[in-house]
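To start, the structure itself, in C-alpha cells.
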Amino acid sequence: MRLHWAWVVAGVSFIALVGAASFRAAPGALIEPLRAEFGWSTGTVSLAISINLLLYGLTAPFAAALMDRFGVRVVVTYALTMVAIGSGLTVFMTASWQLVLLWGVVVGLGTGSMALAFVATITGRWFVRHRGLVTGVLTAGGAAGQLVFLPLVAWLSAAYGWRPASLVICIAALAVVPLAAFFLREYPRDVGLLPLGATEDTPPPPSGGAARRALTALGSAARTKPFWLLAGGFAICGASTNGLVGTHFIPAAHDHGMPTTTAAGLLALVGVFDIVGTVVSGWLTDKVNSAVLLASYYALRGLSLMLLPQLFGESAHPSMLVFIIFYGLDWVATVPPTVALCRQYFGLSGPVVFGWVFASHQFGAAIAASAAGLTRDHLGSYDLAWYVAGALCLGAAVLSASLRSAPLARGAEDAPRDLARQGAAG
C-alpha cells in the first residue's frame, strides 16, 4: 500500500516544530547564568522572555494567513532562519537591550511563524481522517523539542557557559531548513492527491492580502461568544504553562536548593509525558466533546498548581515526580480540542482564528512571565504566582464548560456534522 504524502508532510512538519522548539527550552535554563554574568535581575531577563512570548503569539495569525498567501515552505524556511540568527547573535550581546532585541523580537517573530497555527494549517489542508490525532502528534513536536534540548542546554550552560548552548540552538534550527525546503508541499492536489480520508478536494483559502485576511477573520470572530470563551481560556493556558512553569520552574527549584541540571531534567520529563498526553488528547478529540475535554484539563491543572509550592525541595522526591508526570500529561493537551473547536465554529477561517486564540495564549504567557519575575524580585518567593495561576485555571475550566451551550458562529458552514457528532459524544 502506497504511503499517502500527507504522512510525509506531517513527519517533516514534526521535525520542523522540534527545530523551532529548540529555543523554547533555553530561557528557563539560562536565567541563572545570565544573572550571574551580567548582574541582570530576574525581572529584566523575564522582560525579554515576555516580549518573545507575546510576539510568538501575535505573529501566529499573520503567519497562518502568510502561509495561505506565499506558501508553507517559504514561511517555515524564513522562520527557522530567524530563530537561528536570533539565537546565534546572542553570543555577542553585552547589554540587556540586546537580549530584548534578539531573544524577544527576532526569535519571537521566528518561533511565532512556526507556532500552533502552523499545525492547524497542515492538519486542515492534509487530513480529514485522523485529523485530531495528527494535531496531537504535531503539537507534541514542541514538547519533543523541549525534551531533546532542555537537558542539553542546561548541561552545556553548566559545563561550558551559556554561549555554546545558544550556538547549539542556532545549529539545530538551521539543520531543519533543507528538510522543510525539499519535502513540504502546499496542498494534496500539488501531488495529485486528496486530503487523507476526503472524498473531495478542499476549497482554496480566500484571496487577498495576508494582513487583511488575518484582521478580517479577527473582526468576524470577535463578534461571537465562542471566540472570547476560547481566547480567555487559552490566555490562562499560556500563563500557566509557557509563562510560569516553562520560564520559572528552574529558578524556583534553584531557590529551594535544587541543582539547575536536576530541575532541567524534571522539565524534560514534563516534555516526555506531554507527548503522551497530547497524542492521547488528539485521539480523544476525534471521539469526545472538545468543550468537556478542555474544562477537565484546566480544572486538573489548576488543582495541581496549587499543590506545587509544597513540593519543591533540594532533590526530586516522589511527590514532585508525581506532579511532573501529571502536569506533563496535561501540559498542551488543551491544543487539539481548541483547534477542533476553532474549526467547528469558524470553518475555513479556523486556522487563522486559532492563530488569534493562540495570540491570547501568548499574551497570558507574557504577563505571567513578567509578573512571576517581579513577584520573585519583590517577595523573594514564587509561591503567590503558583496559587494565582491555579485559581485562574479553575476559571478557565468554567469558561470552557460554557462552550457547550454556545451557538455555532457564522462562517462555520463546513463544521455542523463534526459539531453534531461531538454533541452526541458529550
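Just so you know, we're using the working numbering here: the sequence shown kicks off at 1384 and counts up by one.
Glycine included, C-beta positions come from ideal geometry on N, C-alpha and C.
Which listed residue (the options) has its alpha carbon closest to that of residue i
{"i": "serine 1479", "options": "Gly1515, Ser1424, Gly1493 and Gly1519", "result": "Ser1424"}
{"i": "alanine 1399", "options": "Trp1388, Val1517 and Leu1521", "result": "Leu1521"}
{"i": "alanine 1597", "options": "Leu1677, Phe1445 and Val1517", "result": "Phe1445"}
{"i": "valine 1488", "options": "Leu1786, Ala1467, Gly1454 and Phe1501", "result": "Ala1467"}
{"i": "proline 1642", "options": "Val1671, Gly1685, Ile1619 and Trp1538", "result": "Trp1538"}
{"i": "methionine 1450", "options": "Ser1785, Leu1775 and Gly1738", "result": "Gly1738"}
{"i": "tyrosine 1765", "options": "Leu1516, Ile1750, Asn1672 and Ala1755", "result": "Ala1755"}
{"i": "tryptophan 1390", "options": "Pro1571, Val1663 and Gln1727", "result": "Pro1571"}
{"i": "alanine 1774", "options": "Ile1707, Leu1691, Gly1711 and Arg1759", "result": "Leu1691"}
{"i": "phenylalanine 1610", "options": "Val1722, Thr1464, Val1458 and Gly1685", "result": "Val1722"}
{"i": "glycine 1454", "options": "Ala1605, Arg1508, Thr1582 and Ala1558", "result": "Arg1508"}
{"i": "serine 1687", "options": "Ser1673, His1700 and Ile1708", "result": "Ile1708"}
{"i": "glycine 1711", "options": "Ile1619, Val1662 and Val1428", "result": "Val1662"}
{"i": "leucine 1694", "options": "Phe1632, Leu1472 and Thr1582", "result": "Phe1632"}
{"i": "alanine 1393", "options": "Ala1699, Thr1460, Ala1563 and Val1457", "result": "Ala1563"}
{"i": "glycine 1648", "options": "Leu1676, Met1703, Leu1667 and Ser1623", "result": "Met1703"}
{"i": "valine 1628", "options": "Thr1504, Gly1402 and Asp1713", "result": "Asp1713"}
{"i": "glycine 1778", "options": "Leu1683, Val1718 and Ile1750", "result": "Leu1683"}
{"i": "threonine 1758", "options": "Ala1716, Met1497 and Thr1427", "result": "Thr1427"}
{"i": "alanine 1594", "options": "Gly1685, Leu1550, Thr1442 and Val1551", "result": "Thr1442"}
{"i": "glutamate 1727", "options": "Asp1760, Leu1786 and Val1715", "result": "Strictly speaking, residue 1727 in this sequence is glutamine, with glutamate absent from that position. When only C-alpha atoms are compared, the closest one is Leu1786."}
{"i": "tyrosine 1439", "options": "Glu1569, Gly1626 and Ala1541", "result": "Gly1626"}
{"i": "alanine 1716", "options": "Trp1388, Val1653, Ala1447 and Ser1549", "result": "Val1653"}
{"i": "threonine 1473", "options": "Ala1419, Pro1416, Ala1500 and Ser1549", "result": "Ser1549"}
{"i": "isoleucine 1432", "options": "Ala1614, Ser1396 and Leu1492", "result": "Leu1492"}
{"i": "valine 1718", "options": "Ala1749, Leu1667, Leu1557 and Leu1762", "result": "Leu1667"}
Assigned exposure category for residue i - 16 Cβ within 10 Å defines buried
{"i": "leucine 1386", "result": "exposed"}
{"i": "proline 1634", "result": "buried"}
{"i": "leucine 1567", "result": "buried"}
{"i": "glutamine 1805", "result": "The predicted position of glutamine 1805 is uncertain, since its pLDDT is 37 and thus under 50; a value taken from the coordinates is nonetheless stated next. Burial call: buried."}
{"i": "glycine 1696", "result": "exposed"}
{"i": "histidine 1513", "result": "buried"}
{"i": "phenylalanine 1706", "result": "buried"}
{"i": "glutamate 1796", "result": "Because the pLDDT at glutamate 1796 is just 42, under 50, the model does not fix this residue reliably, and the value given afterwards should be weighed accordingly. The residue in question, glutamate 1796, is exposed, as its Cβ has fewer than 16 Cβ neighbours within 10 Å."}
{"i": "valine 1574", "result": "exposed"}
{"i": "tyrosine 1681", "result": "buried"}
{"i": "proline 1734", "result": "buried"}
{"i": "serine 1698", "result": "exposed"}
{"i": "arginine 1606", "result": "exposed"}
{"i": "tyrosine 1543", "result": "exposed"}
{"i": "threonine 1506", "result": "buried"}
Three-state secondary structure (DSSP) of residue i
{"i": "phenylalanine 1746", "result": "helix"}
{"i": "leucine 1652", "result": "helix"}
{"i": "valine 1391", "result": "helix"}
{"i": "leucine 1576", "result": "coil"}
{"i": "phenylalanine 1695", "result": "coil"}
{"i": "leucine 1400", "result": "helix"}
{"i": "tryptophan 1769", "result": "helix"}
{"i": "arginine 1595", "result": "helix"}
{"i": "tryptophan 1666", "result": "helix"}
{"i": "tryptophan 1714", "result": "coil"}
{"i": "arginine 1418", "result": "helix"}
{"i": "methionine 1476", "result": "coil"}
{"i": "valine 1671", "result": "coil"}
{"i": "histidine 1761", "result": "helix"}
{"i": "threonine 1582", "result": "coil"}
{"i": "leucine 1386", "result": "coil"}
Rounded distance between the beta-carbons of residue j and residue i, thought under 8 Å
{"i": "leucine 1485", "j": "alanine 1752", "result": "Going by Cβ atoms, the distance from leucine 1485 to alanine 1752 rounds to 17 Å, so no, they are not a contact pair."}
{"i": "valine 1511", "j": "glycine 1580", "result": "4 Å"}
{"i": "glycine 1621", "j": "glutamine 1745", "result": "6 Å"}
* Asked: In chain order, which alpha helix (DSSP H) runs of at least 4 residues are fully inside the region 1424 to 1459?
  -> 1425 to 1453
* **Continuous alpha helix (DSSP H) assignments of at least 4 residues falling wholly in the region 1604 to 1661** => 1608 to 1621 and 1630 to 1638
* Asked: Quick one: complete beta strand (DSSP E) runs, 3+ long, within the region 1511 to 1575?
  -> none
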